[in-house]
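Enquirer:
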Amino acid sequence: MQAGTGLSFPAATAVDAAVLLTAFSIVFIAGAARRRHRYVDTVWGAAFALVAVTTATLTGGHGDAWRRWLLAVCTVVWGLRLSVHIARRGRGAPEDPRYEALLAKAGGHPAWAAYSRVYLLQAALVWFISLPVQVGMVAEGRSWAGAVAAVVGVVLWLVGIAFESVGDWQLARFKADPAHRGRLMTSGLWRYTRHPNYFGDACVWWGLFLIAASAWPALPTIMSPVLMTWLLTAGSGKPLMEAHLSATRPGYAEYAARTSPFIPKPPRKP
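Under my numbering, the first residue of the sequence shown is numbered 3, with each subsequent residue one higher.
Structure (structure tokens):
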């Protein structure tokens, strides 16, 4: 990392952490006032975009400009699309059952439980998962291997954003038809994977990591896509969603038996 006119990486990442803490605290105040902590889900994607813009703006003169702005554009496009989608999907919806259950079980003050276990946790996750973007923007180094990694990363990002966008659009269109109320989406991308949006999400972050890792100092940030993939497949993503669908959608067991749980594959034969 060379000397530049902008902030160094330690200073920039500290600012990122402060910005995230402020942003999620503001959302907490709004959510607590309206008793709708589901608002935090809408901010999730936008928070990554905020980190990307903040880092790109503050670190001018460090790293390679093409890598900085490629990472910024890819992160902002992904983050804002996700936030807009979640905002539209949740418009007028009641509180998320996950947060209702959390507050019901919380010992002590419910507001502090929500702030510490939801808002602060998500702020910390955004900061950690966005490390490839933060490091990649200030890292130095160009090579043929790095160029190949960047190209593969862009392709993977494109695959991911396509799976997320198309999967979300197909599901939204399916749910918009009153005839499908209470039914299970099993066509389109959902025929090949039970979670095309989660698969796309993972591809996006592996792609961003590869773009960042075109400069070797970003290689240690591989834990970012590893964590994101774990959250989607074994943490708060796939397991909770499948438990909900199993309880509310008839025929889910049969659908799950023939459909790949994550990586798209042809349906299994009965």
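Quick reminder that beta carbons are idealized off the backbone N, C-alpha and C, glycines included.
Taking the Cβ atom as the reference point for each residue, do CYS205 and VAL161 lie within a distance shorter than 8 Å?
Expert: yes
Enquirer: Report yes or no: do the segment 99-110 and the segment 64-83 share at least 3 C-beta pairs separated by less than 8 Å?
Expert: no
Enquirer: Please classify LEU158 as buried or exposed, where buried requires at least 16 neighbouring CB atoms within 10 angstroms.
Expert: buried
Enquirer: For the segment 216-267, which segments carrying the alpha helix (DSSP H) assignment without a break, of at least 4 residues, lie completely within its bounds, in sequence order?
Expert: 225-235, 240-250, 254-260
Enquirer: So what's ASP203 in DSSP terms, helix, strand or just coil?
Expert: helix
Enquirer: Closest to VAL78 by CA distance: which of GLY92, LEU210, ARG119 is it?
Expert: LEU210
Enquirer: By how many angstroms is the C-alpha of ALA14 removed from the C-alpha of THR56?
Expert: Between THR56 and ALA14, the alpha-carbon positions lie close to 8 Å from each other.
Enquirer: From LYS240 to THR7, what distance separates their C-alpha atoms?
Expert: 44 Å
Enquirer: What's the call for VAL135, buried or exposed, on a 16-neighbour Cβ count within 10 Å?
Expert: Counting other Cβ atoms within 10 Å of its Cβ, VAL135 reaches 16 or more and is therefore classed as buried.
Enquirer: How far does the alpha helix (DSSP H) with TYR121 in it reach, from first residue to last?
Expert: Per DSSP, TYR121 belongs to no alpha helix (DSSP H) and is neither H nor E.
Enquirer: If I follow the unbroken alpha helix (DSSP H) through TYR41, where does it start and stop?
Expert: 41-60
Enquirer: Looking at the ligand ZN, does it come within less than 7 Å of ARG175, judged from the CB to the closest heavy atom?
Expert: As far as ligands go, the structure on display features none, and thus does not contain the ligand ZN.
Enquirer: If you reduce the DSSP assignment to three classes, tell me which class ASP179 lands in.
Expert: coil
Enquirer: Would you be able to state if there are at least three C-beta pairs under 8 Å between the segment 86-99 and the segment 34-48?
Expert: yes
Enquirer: Do you know whose CA, among PRO272, ALA49, PHE26, TRP192, lies nearest LEU122's CA?
Expert: The residue with the shortest Cα to Cα distance from LEU122 is PHE26.
Enquirer: Mind checking ALA249: buried by the 16 CB within 10 Å criterion, or exposed?
Expert: exposed
Enquirer: Ordered along the chain, which non-local residues of its own chain (more than five positions away) have a Cβ less than 7 Å from that of ALA58?
Expert: Only ARG70, TRP71, ALA74, MET139 meet the Cβ criterion.
Enquirer: Taking buried to mean at least 16 other C-beta atoms within 10 Å of its own C-beta, is LEU22 buried or exposed?
Expert: buried
Enquirer: Go to GLY92, then tell me how far its alpha helix (DSSP H) extends in each direction, as first and last residue.
Expert: 67-92
Enquirer: Can you tell me the Cβ-Cβ gap for PRO269 and ARG260, rounded? I've got them flagged as a contact below 8 Å.
Expert: About 5 Å; that satisfies the 8 Å criterion.
Enquirer: Quick check: the Cα distance between GLY148 and TRP218, rounded to an integer number of angstroms?
Expert: 8 Å
Enquirer: Can you tell me which of ALA181, LEU127, ARG36, PHE30 puts its alpha carbon nearest to the alpha carbon of TRP232?
Expert: LEU127
Enquirer: To which residues of the same chain is LEU116 closer than 8 Å at the C-beta, ignoring the five residues directly before and after it?
Expert: In the sequence on display, residue 116 carries Ala and not Leu. Counting only Cβ-Cβ distances below 8 Å, and skipping sequence neighbours, we find PHE30, GLY33, ALA34, HIS39, TYR101, LEU104, LEU105, ALA108.
Enquirer: Short check: CB of ALA89 to CB of THR44, under 8 Å?
Expert: yes
Enquirer: Measure the alpha-carbon distance for PRO252 versus TRP146 and round it to whole angstroms.
Expert: 52 Å
Enquirer: Give me the Cα-Cα distance between LYS271 and LEU133, rounded to the nearest whole angstrom.
Expert: 42 Å
Enquirer: Under three-state DSSP, which class holds GLU166?
Expert: Residue state, collapsed to three classes: helix.
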